[in-house]
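Residues in the sequence shown are numbered consecutively from 1, following my numbering.
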Amino acid sequence: MKFRVEGIYDAKKLGIPQMLILGLQHMFAMFGATILVPILVNNYFHGEGLSIQVTLFCAGFGTLLFHVLTKMKVPAFLGSSFAFLGGFATVAELDTGIFANMSYGEKLPYACGGVFVAGLLYLVLALIVKAIGVKRVMRYLPPVVTGPIIICIGLSLAPSAISNASQNWILALVALGTVIFFNIWGVGMFRIIPILMGIVVSYVVALIMNALGMTNADGSAILSFAGVASAPIVGVPKFFLCKFNITAILAMAPIAIASMMEHIGDISAISATVDRNFIEDPGLHRTLLGDGLATSLSALIGGPANTTYGENTSVLALSRVYDPKVIRLAAIYAVILSFIPKMAEVISSLPSAIIGGISFILYGMISAVGVRNVVENKVDLTRSRNLVITAVILVCGLGISDGLTFTIAGAHITLTGLALAAIVGILLNAVLPGNDYVFETAKKKEEMEDD
């Protein structure tokens, strides 16, 4: 097969030191969003929620498990999923039946039990894909569906980038400018670690600004090391076993519909980024299996659901180093950090404005990959059916910011805008006449290009 994108598929040629640095870059890319999930869940459970240390361990271990199950081929990092936040909030507020006299901390294992079952639903879909074949499944997921969904994944994150950057626009612009500079004018190794350089340079600027007494836009300190001082150097994560209750399961498990649709979009985005058809090889059934088992095992020991991270896909696109080994290094770093609370707190002190500045590139890059997916697959947007599908997906994915909430057995279930966009896009593609896309295997595409 002839690849249009010049990238590095074997990072060994860069040398071990460079690989270690590339892994560090991926760790920084996932860190902010990954630890934000337990922080938000802790708010729902009034301080008795998920542990950051357990979350980091589950992200790292889950990623390594995913790589094993996908034959070490897919350069994906599995971080904490935001899709299940509504479910955690619902379980936290349950006050009937066995939950009537429970503390928030006692309810948490039941929420994790619901996530465990949600992860098992991935296995059901994986078995269906394996049984009927990926070619039949992809009839319902052509580029006219996956492309706009990928675009929505990136653009739906844009408000988060703006919100973080607005905390301190000076730091955000320094981070953004540094990434752009090293990505375009960087020499040698510096050109493939622009994200890491953006973090390092802007953090040094933050230290200087903090020393000069400057503050964020809201008057808060630019840097705070209170958590670093109180955190122990070494500590074992506070694992616990999940518990099961039908009410909590009904609050959590249906969210898997949303996360599975997002998973398919993410794998499509990674495939388009590195110019490899991972939906065919190692297969969508394997990626679903890896994501589902990682989620269930995380919930089993007190962690959140896991999901493939767009932030790391953006790093792949920016660095053009597509070797899954650098992702596995980031996973190993996450596991190590889970046992070093003080170091985790140091990284947590990174100002949100810097994350916002970096996200300008990362989130926009995801959407750019979606545009590329549409263009390279020659989606004909002069056809009414394709325009209708694209338009409805974009409006659902970007316009329904709060999702669609409904109630089953007293539990509130929310489908995110992205999940709705995927479901509606798949349905429209199935019922509207004139489907003009045929899924081709990598082998057949190679033969056609050679001809």
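Note that CB positions come from ideal geometry on N, CA and C, so glycine has one too.
Original post:
Whole-angstrom Cβ separation of MET260 and LEU293, contact assumed at under 8 Å?
Top reply: About 14 Å; that fails the 8 Å criterion.
Subject >> MET343 at chain B interface by Cβ criterion, 9 Å >> reply: No chain B appears in this structure, which consists of one protein chain only.
**OP:** Would you mind reading off the limits of the alpha helix (DSSP H) that contains GLY290?
**Re:** 284 to 300
Original post:
Who are the near neighbours of PHE31 in its chain, counting only those whose CB is closer than 7 Å to its CB and skipping five residues on each side?
Top reply: ILE347
Original post:
In the DSSP assignment, what residue or residues form a beta bridge with ILE8?
Top reply: VAL321
**OP:** Decide if SER80 is buried, meaning its Cβ has at least 16 other Cβ atoms within 10 Å, or exposed.
**Re:** buried
Subject >> Spatially closest choice to SER224 from LEU350, LEU362, GLU6, by CA coordinates >> reply: LEU350
Original post:
Would the beta-carbon of GLU280 fall within 9 Å of that of VAL134?
Top reply: yes
Subject >> CYS58 and PRO324 closer than 9 Å at C-beta >> reply: no
**OP:** Could you tell me the distance, in whole angstroms, from the CA atom of PRO143 to the CA atom of ILE267?
**Re:** 13 Å
**OP:** May I have a chain-ordered list of the alpha helix (DSSP H) segments no shorter than 4 residues that lie completely inside the region 314 to 396?
**Re:** 324 to 337, 341 to 348, 352 to 376
Subject >> Neighbour-count burial assignment, GLU449, 16 or more Cβ in a 10 Å radius >> reply: With a pLDDT of only 49 at GLU449, under 50, the local geometry of the prediction cannot be trusted, and the value read off the model is given with reservation. When all chains shown are included, GLU449 counts as exposed.
**OP:** Have a look at LEU50 and SER338 and give me their C-alpha separation to the nearest angstrom.
**Re:** 13 Å
Original post:
Can you name the start and end residues of the alpha helix (DSSP H) that SER156 belongs to?
Top reply: 143 to 156
Original post:
Using CA coordinates, which residue listed in ARG286, GLY370, ASN306, GLY114 is at the minimum distance from THR295?
Top reply: ASN306
Original post:
Is it true that the CB of ARG385 sits closer than 9 Å to the CB of LEU427?
Top reply: no
Original post:
Could you give the distance in angstroms between the alpha-carbon of VAL374 and the alpha-carbon of LEU155?
Top reply: 16 Å
Original post:
Considering THR308, what are the terminal residues of the alpha helix (DSSP H) in which it resides?
Top reply: Looking at the DSSP string, THR308 is not in any alpha helix (DSSP H); the run it does join, the beta strand (DSSP E), is 306 to 308.
Original post:
Can you list the beta strand (DSSP E) stretches of 3 or more residues lying completely in the region 61 to 135, in chain order?
Top reply: 78 to 80
**OP:** Could you tell me which residues DSSP pairs with ALA221 in its beta bridges?
**Re:** THR215
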